[in-house]
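7 is the number that UniProt numbering gives to position 7 of the sequence shown; each next residue is one higher, with no gaps.
Accompanying notes for the structure given below.
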Amino acid sequence: MQSETLNVTGMTCGGCASNVANALKAIPGVDDVVVSLSTGEAAVRYDEQLTSPDQLKSAVKGAGYGVSAAKATPNH
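Here is the structure:
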């Protein structure tokens, strides 16, 4: 499993955070998603064999939000 923290822009309420979480959870290979409205971050744990950071960013953008530079953190 790999972990990725996406900096999500455009979230203004809990509904926005829920929309981002649902968009990310719909991607095959995504194991866990935690979206924080206060920090504007989405922490995603995923199977790198099934998806990629680019797919995660595309899902957030597809839900109508922006994504700024993300940082990957290896999860051993």
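Each residue gets a CB set at the ideal place from its N, CA and C atoms; glycine is no exception.
Query	Result
What does DSSP give as the partner residues of Tyr46 in its beta bridges?	Gln2 and Val30
Roughly how many angstroms lie between the CA atoms of Val67 and Val44, to the nearest whole one?	13 Å
Apply the 10 Å Cβ neighbour rule to Gly40 and answer buried if 16 or more other Cβ atoms are within range, or exposed otherwise.	buried
Spatial neighbours of Gln55 within its chain, please: CB distance less than 7 Å, with the 5 preceding and 5 following residues excluded, ordered by chain position.	Ile27
Is Ser52 helix, strand or coil by DSSP?	coil
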